[in-house]
Amino acid sequence: MKLLNKTNLYYLSGALIIFAAGTLVFYFMLMKIMNNEASEQLQIEKDRICHKLDALGTVPDQFISFGDEVQIKQIPYTKNASSATVPMDTTMFSKEMNEDLPYRKLNFIYNSPNTQQTSYSITLLKPFFESDDVITAIVKAMLILLALLLLCMFEINRRISRKLWKPFYHALHLLDSYNLAKASPLTFEKSGINEFDELNEALAKMTDKISGDYLSLKDFSENASHEIQTPLAIMKAKLELLMQSEGMNEQQKKLITEVYESLNRLSRLNQALVLLTRIGNNQFGDLKMISMNDLLQNKLTSFEEMLQHKNIQVEKDLTVRVDGMINPGLADILMSNLLGNAIKHNQKGGKLILKTAPGEIRLMNTGEPLQGNPARLFERFHKEKPASDSLGLGLAIVRQICDSSGIEIRYLYADDLHQISLKFTA
Amino acid sequence: MKILLIEDEKSLSDSILSYLREEGHTCELASDFSSAEMKTGIYGYDCVVVDITLPGGSGLDIIADLKKKGSEAGIIIISAKNSLDDKVQGLDLGADDYLTKPFHLSELNSRIKSIIRRRNFKGSNEIVFNEIAIIPEEMQVTIKKKPVTLTRKEFDLLLFFVSNKNRVLTKESIAEHLWGDDMDTSDSFDFIYSHIKNLRKKLIEKGAEDYIQTVYGLGYKFG
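Chains A and B supply the protein sequences, listed in that same order. Just so we're aligned, residue -18 is where the first sequence starts under my numbering, counting upward by one. Just so we're aligned, residue -11 is where the second sequence starts under my numbering, counting upward by one.
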């Protein structure tokens, strides 16, 4: 969710709570004011009528009251006339509206000081507001207000975010396109907003640090390989010279051979690990569009004798063109390892099937089914036969290349075939 | 042949020199940048074997310098830095070949010979070993003037053997020479065995002596 939407959501919920509370408060205050006002009006009318009665001494004949809002009755003299009673609420049925309408009623008995014979029973009525109408009106007004407020707020926020957050999105874009291997330092624009400038400064510092660490790591991995390869080269050269010397007995030759074999293994291991590190560090940035069909064909040619040697039948259908954006060196290693693997783990007189589909290459080969978990096939140092003299890094390198080049690799064992598919997404 | 080895690691350069001198080459050593610069400046060589990381400078500069002077020497880079950049840069500068440490001495030897052969185009290109004659450029082999048909790998194998005659060649060095890095499987040794068997058979059939000897435990020897 976008930050803007998130803040808007918070604003909206806050505004809703405040407006709901406001509506309630508003309602009660309004009702109280109207209540007081109605009671006051009734009191004023009462005083007016009492004065009139005092002046006239009797109820006028032509007293007309519309809607029965003022009723005056002469009653026999009542001693305890109450001159100030509390108004009360009541309802009266309205024919016009066909419903009960609320009224405020003041009922009192008045003894005029001029006459001692009669008292007046007076009822004053005032139509009162319907509370649900009032609430409806208030809620409507509030909702319109709320809507206007939110609309304003959204629009202002949108404008602010577009303007104020610009440096943020710019920085984000820079970070997104940042490539460690290219090692160009990030330069942020000055935004004039302290928070963003601080953020950008921190980011610049961090990326500088990362880039520095990366470079020293890269140096280290290259230097490590260099430093290890040199003594290995010396050992190898010395052993080869030693082998040339005459007069060794078989025991000595055997020892030398064993040392020599281990040495070769160590040097291959070192090279493979360094290669893995370098792919992991994205040090093969030079991408090119490569025809996988041609590459596969070339590799097949270089493995031809090996295939003949193991009497492996090759079935290939490379009619669909597959191109991949990949470093040429890595593409070469990828195909070599995959084909080499398909031959190595094949049986004599087995099959190797190569197929292309749009954006996809499939290699299938016969061979013993996997003993272990196929998910572990691409792990480093994973070997089917622990005693085998393979390094167990070939497929790890394959996977590393695929991961770094945006190729999706899948392994499947079906129809007595090991099937590896490469999907070129980029 | 006059060869200059530019290598700072003494133990390694000793071994290389010893191997190359036994081949009958005249070898000189420069163990740092300034002496390498001096020697290439004064003397002419048929082949320069140069390490990239040197005390005092980069081997790449020496290659550039040699090429600027119009030197005819063949150049082989030997580097522990298996980085593609160095390789590409070196070959762009005009180096003829690139070997990554650790390499087999026999491999370096055969590459030096191949470069020198290519440089001496004016002279005879035929490599003669007793009754066997090889013309590398045409991939032709004759025994007692009669042509022998060999496969590509058998031919490479024979050339490798002849380039390193009387030397013990390990299975590993043969495998690497024939297949480069593509082959790191145990299958390849088995494969080499059958190639050698076929080559031996073909040579003997055409009347050559049996030159390929198995050196117990170590590998093979030609001669």
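Virtual Cβ for every residue (Gly too), placed ideally from N, Cα, C. Note that the structure is predicted; figures quoted are calculated from it, not measured.
The way I'd put it, the region 9 to 19 of chain A doesn't touch the region 165 to 172 of chain A; fewer than three beta-carbon pairs between them come closer than 8 Å. Contact annotation: S3 (chain B) and K219 (chain A) have beta-carbon atoms nearer than 7 Å.
Among the residues of the region 183 to 205 of chain B, those with a Cβ less than 9 Å away from any Cβ of chain A are H183, V203, Y204 and G205, in the order of the chain.
The continuous stretches of alpha helix (DSSP H) do not include F169 (chain A), and DSSP gives it neither H nor E. A:P94 is the residue among A:L5, A:P94 and A:Q22 whose C-alpha sits nearest the C-alpha of T39 (chain A).
Leaving aside the five residues that flank G340 (chain A) on each side, the residues in its chain whose CB is nearer than 8 Å to its CB run, in chain order, V303, K404, F405 and T406. Taking one beta carbon from each stretch, the region 83 to 99 of chain B and the region 146 to 162 of chain B have 3 or more pairs nearer than 8 Å; the two touch. Annotation for G207 (chain B): the continuous beta strand (DSSP E) segment containing it runs G207 to F210. For K234 (chain A), the enclosing alpha helix (DSSP H) has its first and last residue at E231 to G261. Counting only the Cα atoms, V156 (chain B) lies some 8 Å from E221 (chain A). No Cβ-Cβ contact shorter than 7 Å links L311 (chain A) with V379 (chain A).
Annotation note: the region 249 to 324 of chain A contains the following uninterrupted alpha helix (DSSP H) runs of length 4 or greater, listed N- to C-terminal: 273 to 283 and 285 to 290. Every beta strand (DSSP E) stretch that sits fully inside the region 325 to 402 of chain A and reaches 3 residues is listed by chain position as 332 to 338, 341 to 346 and 388 to 395. According to the DSSP assignment, P148 (chain A) belongs to the alpha helix (DSSP H) that extends over K147 to D157.
Between the C-alpha atoms of Q22 (chain A) and D28 (chain A) there is a straight-line separation of about 10 Å. Looking only at A:R143, A:E50 and A:K171, the smallest Cα-Cα distance to Y84 (chain A) is reached by A:E50. A distance below 7 Å separates the beta carbons of L333 (chain A) and V295 (chain A). The beta carbon of R139 (chain A) is closer than 7 Å to those of L(-15) in its chain, skipping five residues each way along the sequence.
In the displayed model, L138 (chain B) falls within coil according to three-state DSSP, outside both helix and strand. Judged by their CB atoms, A61 (chain B) and V36 (chain B) are nearer to each other than the 7 Å cut-off.
Q225 (chain A) has a beta carbon lying within less than 7 Å of a beta carbon in chain B. Residues of chain B whose Cβ lies closer than 7 Å to the Cβ of T238 (chain A) are, in chain order, G205 and L206.
Bounds of the beta strand (DSSP E) holding Y101 (chain A) are T99 to P108. M78 (chain A) carries a coil assignment under DSSP once its states are collapsed to helix, strand and coil.
A contact between stretches requires three or more CB pairs, one per stretch, nearer than 8 Å, and the region 141 to 158 of chain A meets this requirement with the region 169 to 187 of chain A. At a Cβ-Cβ threshold of 7 Å, G44 (chain B) and D73 (chain B) do not count as neighbours. Between Q381 (chain A) and I260 (chain A), the CB-CB gap stays under 7 Å. Chain order gives no chain A residues near F148 (chain B), where near means a beta carbon separation below 7 Å; the closest approach is about 14 Å. Q55 (chain A) has A:Y101 as its beta-bridge partners, per DSSP. Between Q55 (chain A) and T99 (chain A), the gap from beta carbon to beta carbon is short of 7 Å. Positions of the alpha helix (DSSP H) runs, each at least 4 residues long and wholly inside the region 80 to 165 of chain B, are given as 93 to 107 and 140 to 151 in order along the chain. With the criterion set as a beta carbon lying under 7 Å from some beta carbon of chain B, the members of the region 183 to 212 of chain A are E203, S206, H207, Q210 and T211, in sequence order.
Taking the Cα positions, I388 (chain A) is about 43 Å away from N152 (chain B). Closer than 7 Å to the CB of R99 (chain B) there is not a single CB belonging to chain A. The straight-line gap separating the alpha-carbon atoms of F362 (chain A) and L257 (chain A) is approximately 12 Å.
Here DSSP, grouped into helix, strand and coil, assigns V76 (chain B) to helix.
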